[in-house]
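**Student:**
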Amino acid sequence: MVAFPAIFRSLIRSSSPKSFFLAITKFSNSFLGLASIYTKSSFFSFTSVLCHHLKNQNLDEARFIFDKIPLPSVHLCTKMIAGYAENCRLDDALKLFYKMPVRDTVCWNSMIKGCLGCGSLNMSRKLFDEMPERNVVSWTTMINGYLQFGRIEVAECLFLEMPMRDIAAWNSMIYGYFCNGRVDDAMKLFEGMPCRNVISWTSMISGLDQHGKTNEALFLFQQMVVSGVEPTSTTFSTVITACANGPHLQLGVQVHALVVMLGYSFDAFVTASLVTFYANCKQIDECYKVFNEKLHINVVVWTALLTGYGLNHKHEDALKVFSDMIKLGILPNQSSFTSALNSCCELEALDRGKEIHATAIKLCLETDAFVANSLIVLYSKCGNIKTGVVIFKNICEKNIVSWNTIIVGCAQHGYSMWALAFFTQMIRVGVDPDEITFTGLLSSCSRSGMLQKGRCLFEYFSQCKAIDMKLEHYACMVDILGRSGKLEEAEELVKNMPMKANTMVWLALLSACRMHFDFALAEKSAYCIFDLEPHCSAAYVLLSNLYAAAGRWNDVARIRVKMKGRGIKKQPGQSWLTLKGQRHVFLSGDRSHPSCEKIYKKLEWLGEKLKEIGYVPDQRFALHDVEDEQKDVMLSYHSERLAIGFGLISTVEGSTITVMKNLRICGDCHSAITLMAKIVGREIIVRDSSRFHHFRNGFCSCGDYW
DNA sequence: ATAGGGTTAG
-7 MVAFPAIFRS
3 LIRSSSPKSF
13 FLAITKFSNS
23 FLGLASIYTK
33 SSFFSFTSVL
43 CHHLKNQNLD
53 EARFIFDKIP
63 LPSVHLCTKM
73 IAGYAENCRL
83 DDALKLFYKM
93 PVRDTVCWNS
103 MIKGCLGCGS
113 LNMSRKLFDE
123 MPERNVVSWT
133 TMINGYLQFG
143 RIEVAECLFL
153 EMPMRDIAAW
163 NSMIYGYFCN
173 GRVDDAMKLF
183 EGMPCRNVIS
193 WTSMISGLDQ
203 HGKTNEALFL
213 FQQMVVSGVE
223 PTSTTFSTVI
233 TACANGPHLQ
243 LGVQVHALVV
253 MLGYSFDAFV
263 TASLVTFYAN
273 CKQIDECYKV
283 FNEKLHINVV
293 VWTALLTGYG
303 LNHKHEDALK
313 VFSDMIKLGI
323 LPNQSSFTSA
333 LNSCCELEAL
343 DRGKEIHATA
353 IKLCLETDAF
363 VANSLIVLYS
373 KCGNIKTGVV
383 IFKNICEKNI
393 VSWNTIIVGC
403 AQHGYSMWAL
413 AFFTQMIRVG
423 VDPDEITFTG
433 LLSSCSRSGM
443 LQKGRCLFEY
453 FSQCKAIDMK
463 LEHYACMVDI
473 LGRSGKLEEA
483 EELVKNMPMK
493 ANTMVWLALL
503 SACRMHFDFA
513 LAEKSAYCIF
523 DLEPHCSAAY
533 VLLSNLYAAA
543 GRWNDVARIR
553 VKMKGRGIKK
563 QPGQSWLTLK
573 GQRHVFLSGD
583 RSHPSCEKIY
593 KKLEWLGEKL
603 KEIGYVPDQR
613 FALHDVEDEQ
623 KDVMLSYHSE
633 RLAIGFGLIS
643 TVEGSTITVM
653 KNLRICGDCH
663 SAITLMAKIV
673 GREIIVRDSS
683 RFHHFRNGFC
693 SCGDYW
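When we follow the working numbering, the leftmost residue of the first sequence carries the number -7, and every step to the right adds one.
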């Protein structure tokens, strides 16, 4: 315990009364009691200590002081009430309010505002009706309340009813219309208002921009300047944001110059907007320059830079910004974490993502929906959906994105029962599914061959008024039907779609044809694709693979010639895995890796083991017109196998190996890896271009259906 | 100086 009297004396000697009271409030309640005695309970001491406690949201301590005051003024009571309301202690606020012997209009208005802040529209209306004398502020506060709760009609009535309307009242209505998406009403009101100030203009510019009418917003800014209204820093940050959203580089640069001339460039809001503006315009150097010129930089400006780097695919730089800000003592918030985690995700840098996750836990942000959503995407993308599920379960207030993220994650990993279970839960807790939920569920069905479930969901969502049926949904459904061999039904669906099928839909049908060897429909689908997108390499490859699997090498050659003639190149297959932050990339038959010798030796050893347990390579997947023996060799050194071989020789026995591949895993590799996982007694996770495969103990999570 | 109107990152 600190020795009070000593500190006390030194404080008295050294400080002005004000700084003295600021200093002592750092100490405990009992000490404050002492302080008031020592200073003879002067009014000044009570008020300033009280205010300080209110500012720091120490309500009970503030009340302790408040109760020591013999006859608190209306003014002081109002402060106390506002303090309670700000901290959601509405009951305490009301109790104090009704106990007051006299109340003025300001006090009534504060109480109304307090009720609104605590979410009680009814209570605030009750007070509004009860109060003896309403002024323009009372009316505006009440109108704002209704606007916040989306009760526009009531707000409109009050606005018309109020005895006198000043500019602030008009501005409130304009802003409220925008908040409720009523853009036309806001514009009408703005045009009809008798007198406008800079706030009216700024509200309009911001509202129009936020509703996608960026050009109109910028036009209004010009009009504002022409009509002689002087912009404030708020106007500038709004206008620069609009330039960022355009994006309008030229105009933004001009506004930037204006900002510098008028001396607004040290405003944090303006700086954050400028950083985002230059990042959106891909002027990353200028972006850093703006950031670097400023002296007082807050977390928002830092996050704008962090996000800006990410937007420009400079993820390493983004992560550097994140660690720099922590080093300099700027606490990252949800947004900073979201951006940093997105950069980790792009880099597939799970290790660094885990470090950031740990920091998020320290700052109690891992239960925040935005942070958690990013974490789930990261873990899921890097192969660890189970951690994603744990994170999901701990989210305090799950939003629609949280539900969609976990459903899509489970779908990608082939955990379709989980995806459906989450969907059921989501419905039960009353969250309305959207288009993305629907896509996630359908893709889940297609990945695990759930034909009936897929049909039911498709039916259910088709009749859902809130859902816009999109091309994705049809593509998924075609996929579900096609994989299950219902090619005719799939074709019917494509024919009867309300919109024209695009490449994605036809590709779904084509790939189903390849799976079920339907040559006629495959050719038909392929030609539809070539009509829409003559350079779609996926269509050529699928068709060529279909012919190859049937041994129709002439047709394969014909397609090759066609591709060559049109200058279309097949994307080369590559696989990679990340070890100790280093990414190792392999091509098929690649011999460039430093550990190449060991990798091939390991794979040869595995090949022997595979033969021993009776494994026969499936040559349909070799897809090259060569002799059979050679085919086996080519299959054995597909890029994913090289990556797995490298994983096996460089990681601890028994640990999980996670490999990524840019194309779909071939059927032969799939069967081989299933057995390899059993032979080496490890879990092998392969993320291919369409989903995850968890190979363990002789089985794959996809149930050999992908 | 106890009450009402516009702004930044995702």
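Don't be surprised by glycine CBs; every beta carbon is placed ideally from N, CA and C.
(1) Which of the three DSSP states, helix, strand or coil, is assigned to T666?
(2) Beta carbon of K653: closer than 8 Å to some heavy atom of the ligand MG?
(3) So who's on the other strand from W568, going by DSSP bridges?
(4) Give me the Cα-Cα distance between F450 and F120, rounded to the nearest whole angstrom.
(5) Would you call F691 buried or exposed, if buried means 16 or more other Cβ atoms sit within 10 Å of its Cβ?
(6) Can you tell me whether N21 is buried or exposed? The criterion is at least 16 other CB atoms within 10 Å of its CB, across all chains shown.
(7) Quick check on T227: buried or exposed, where buried means 16 or more other Cβ atoms within 10 Å of its Cβ?
(8) Between the alpha carbons of S663 and Y539, how many angstroms are there, rounded?
(9) Using the Cβ count rule (16 or more neighbours within 10 Å means buried), how would you classify F684?
(10) Just list the alpha helix (DSSP H) runs in the region 87 to 170, keeping only unbroken ones of 4 residues or longer that don't cross its boundaries, in chain order.
(11) Looking at K653: is its Cβ nearer than 9 Å to the Cβ of S628?
(12) Would you tell me roughly how many angstroms separate the C-alpha atoms of A669 and E78, rounded to the nearest one?
(13) Report yes if the C-beta distance between F170 and A178 is below 9 Å; otherwise report no.
(14) Let's test the definition: count the other Cβ atoms within 10 Å of the Cβ of G571 and tell me whether it reaches 16, buried, or not, exposed.
(15) Would you kindly check if the distance between the Cβ of Y76 and the Cβ of L63 is under 9 Å?
(16) Considering V705, what are the terminal residues of the alpha helix (DSSP H) in which it resides?
(17) Go through its chain and collect everything with a Cβ distance to L24's Cβ below 6 Å, but skip five positions before and after it.
(18) What residue from G422, D176, F415, L339 has the CA that sits closest to Q574's CA?
(19) Quick one: residues in its chain with C-beta nearer than 7 Å to the C-beta of L598, no 5 flanking neighbours on either side, listed in chain order?
(20) Tell me which residue opens and which closes the alpha helix (DSSP H) that F415 is part of.
(21) Check whether the Cβ atoms of S335 and A310 lie closer than 9 Å to each other.
(22) With distances taken Cα to Cα, identify the nearest neighbour of P564 among W545, R544, A530.
(23) Compare the Cα-Cα distances from S584 to each of P609, R674, F638 and report the closest residue.
(24) Between the C-alpha atoms of E122 and T132, what's the straight-line distance to the nearest angstrom?
(25) First and last residue of the beta strand (DSSP E) that includes I657?
(26) S693: buried (16+ other C-beta within 10 angstroms of its C-beta) or exposed?
(27) Going by Cα to Cα distance, which pick from C374, L443, I392 is closest to F362?
(28) Could you check the C-alpha separation between D426 and E308 for me, to the nearest Å?
(29) Can you tell me which residues form a DSSP beta bridge with V533?
(30) When you compare the region 233 to 250 with the region 207 to 220, are there three or more beta-carbon pairs, one atom per stretch, that lie closer than 8 Å?
(31) Within this structure, are the beta carbons of A500 and A542 separated by less than 9 Å?
(32) If I73 sits next to G109, beta carbons under 8 Å apart, how far is it from one beta carbon to the other, in whole angstroms?
(33) From the DSSP output, in three-state form, read off V678 for me.
(34) Are the beta-carbon atoms of L367 and G345 separated by less than 9 Å?
(35) Less than 9 Å separating the beta-carbons of M165 and I135?
(36) Since A504 and G474 are thought to touch, with beta carbons under 8 Å apart, how far apart are those beta carbons, to the nearest angstrom?
**Tutor:** Quick answer:
(1) Here residue 666 is taken as the residue at index 674 of the first sequence, counted from 1. Residue state, collapsed to three classes: helix.
(2) Here there are no bound small molecules, and the ligand MG is not part of this structure.
(3) Here residue 568 refers to the residue found at position 576 of the first sequence. When beta bridges are read from the DSSP output, W568 appears opposite V577, M652.
(4) Position 458 of the first sequence, counting from 1, holds the residue named residue 450. Position 128 of the first sequence, counting from 1, holds the residue named residue 120. Approximately 50 Å, taken between the alpha carbons.
(5) Sequence index remark: in the first sequence, residue 691 carries index 699 (1-based). Looking at its Cβ environment, which holds fewer than 16 other Cβ atoms inside 10 Å, F691 is exposed.
(6) The residue you call residue 21 lines up with position 29 of the first sequence. Since pLDDT at N21 reaches only 38, below the 50 mark, its modelled position is unreliable, and no value is offered.
(7) Residue mapping note: residue 227 aligns to position 235 of the first sequence, counting from 1. The residue is buried, with at least 16 neighbouring Cβ atoms inside 10 Å.
(8) Counted from its first residue, the first sequence places residue 663 at position 671. Counted from its first residue, the first sequence places residue 539 at position 547. Approximately 22 Å, taken between the alpha carbons.
(9) Taking the first residue of the first sequence as 1, we reach residue 684 at position 692. Per the 10 Å Cβ criterion, buried.
(10) Runs found: 97 to 109, 113 to 122, 128 to 140, 144 to 153.
(11) For the purposes of this step, residue 653 is taken as residue 661 along the first sequence, with counting starting at 1. For the purposes of this step, residue 628 is taken as residue 636 along the first sequence, with counting starting at 1. No.
(12) Translated into positions along the first sequence, residue 669 becomes position 677. Translated into positions along the first sequence, residue 78 becomes position 86. In a straight line, the C-alpha of A669 is about 58 Å away from that of E78.
(13) Position 178 of the first sequence, counted from the start, is the residue given in the question as residue 170. Position 186 of the first sequence, counted from the start, is the residue given in the question as residue 178. Closer than 9 Å, so yes.
(14) Here residue 571 refers to the residue found at position 579 when the first sequence is read from its first residue. Sequence check: residue 571 is Leu here, not Gly. Flag for L571 reads exposed.
(15) As a working mapping, residue 63 is identified with position 71 in the first sequence. As a working mapping, residue 76 is identified with position 84 in the first sequence. Judged by beta-carbon spacing, Y76 lies beyond the 9 Å limit of L63, meaning their Cβ atoms are not closer than that value.
(16) The requested residue 705 does not occur in the structure, where the chain is confined to residues -7 to 698.
(17) As a position in the first sequence, residue 24 is number 32, starting the count at 1. Here the model assigns L24 a pLDDT of 42, short of 50, so the residue's position is not dependable and the matter cannot be decided.
(18) Taking the first sequence and counting its residues from 1, one reaches residue 574 at position 582. The residue with the shortest Cα to Cα distance from Q574 is L339.
(19) Here residue 598 refers to the residue found at position 606 of the first sequence. M668, I671, listed in sequence order.
(20) Counted from its first residue, the first sequence places residue 415 at position 423. Where F415 is concerned, the enclosing alpha helix (DSSP H) stretches over 408 to 420.
(21) On the first sequence, residue 335 is found 343 positions in, with the first residue counted as 1. On the first sequence, residue 310 is found 318 positions in, with the first residue counted as 1. Inclusion of S335 and A310 in the CB contact set at 9 Å is warranted, their separation being smaller than that value.
(22) Position 572 of the first sequence, counted from the first residue, corresponds to residue 564. When only C-alpha atoms are compared, the closest one is A530.
(23) As a first step, residue 584 must be located in the first sequence, where it is residue number 592. Minimum Cα distance to S584 is reached at F638.
(24) Counting from one through the first sequence, the residue named residue 122 turns up at place 130. Counting from one through the first sequence, the residue named residue 132 turns up at place 140. When rounded, the separation of the alpha-carbon atoms in E122 and T132 is 16 Å.
(25) Counting from one through the first sequence, the residue named residue 657 turns up at place 665. Careful: I657 lies outside any beta strand (DSSP E) and carries neither H nor E.
(26) Within the first sequence, the letter at position 701 stands for residue 693. The residue in question, S693, is buried, as its Cβ has 16 or more Cβ neighbours within 10 Å.
(27) The residue labelled residue 362 in the question sits at position 370 within the first sequence. Distances from the alpha-carbon of F362 to those of C374, L443, I392 put I392 closest.
(28) Indexing the first sequence from 1 puts residue 426 at position 434. Indexing the first sequence from 1 puts residue 308 at position 316. Their Cα atoms are separated by approximately 34 Å.
(29) Against the first sequence, residue 533 aligns to sequence position 541. Here V533 is not bridged, per DSSP, to any residue.
(30) The region 233 to 250 is in contact with the region 207 to 220.
(31) Taking the first sequence and counting its residues from 1, the one referred to as residue 500 is at position 508. Taking the first sequence and counting its residues from 1, the one referred to as residue 542 is at position 550. Between A500 and A542, the C-beta spacing is not below 9 Å.
(32) Reading the first sequence from its first residue, position 81 is the one you call residue 73. Reading the first sequence from its first residue, position 117 is the one you call residue 109. Here I73 is actually not in contact with G109; their C-beta atoms are around 11 Å apart, not less than 8 Å.
(33) Locating residue 678 in the first sequence gives position 686, where the first residue counts as 1. V678 carries a strand assignment under DSSP once its states are collapsed to helix, strand and coil.
(34) Position 375 of the first sequence holds residue 367. Position 353 of the first sequence holds residue 345. Contact: yes.
(35) Position 173 of the first sequence, counting from 1, holds the residue named residue 165. Position 143 of the first sequence, counting from 1, holds the residue named residue 135. Result yes, Cβ atoms of M165 and I135 sit closer than 9 Å.
(36) Walking along the first sequence from the start, residue 504 turns up at place 512. Walking along the first sequence from the start, residue 474 turns up at place 482. Indeed they touch by this definition, with Cβ atoms about 2 Å apart.
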